[in-house]
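Since the structure comes first, as structure tokens, the remarks are kept for the end.
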Amino acid sequence: MTKSTIKLLDVLALTVDLPEYNLYRGQVGTVVGLLAGGAAFEVEFSDRNGRTYESVGLRPEQIMVLHFEPASPDSVPEMVTA
């Protein structure tokens, strides 16, 4: 993931555990600031009522952007079965 793929207000998920912040892989946050010229990101984690419970600086390899739309207009959804 390159730093140009992450933007202010992107919704992200943690890809690592950060027990020192009581944050764990899969928790969802929002980019609220760009740090070190876009090489790191201030990510805010909020509860269901919108109250922030943690705000921490993260590197690109610690997070992944969540997408809510198909990657391209030609994408065809596939059903995955076990």
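Take the sequence shown: its letter number 42 is residue 26 in my numbering, and every next letter is one higher.
Backbone N, C-alpha and C define an ideal beta-carbon position, used for all residues, glycine too.
Give me the Cα-Cα distance between Lys(-13) and Val16, rounded to the nearest whole angstrom.
With a pLDDT of 43 at Lys(-13), under the threshold of 50, the modelled position of this residue cannot be trusted, and the question is left open.
In this structure, what does DSSP give as the bridge partners for Thr36?
Ser30
With the cut-off set at 8 angstroms, would you say Val(-5) and Arg9 are in Cβ contact?
no
Enumerate in chain order the residues of its own chain whose CB-to-CB distance from Ser30 is below 8 angstroms, with the five nearest sequence positions on each side excluded.
Excluding the 5 residues flanking it on each side, Ser30 has same chain C-beta neighbours closer than 8 angstroms at Gly13, Thr14, Thr36 and Tyr37, in chain order.
Counting C-beta neighbours from all protein chains within 10 Å, is the total for Phe25 16 or more, i.e. buried, or is it exposed?
The residue is buried, with at least 16 neighbouring Cβ atoms inside 10 Å.
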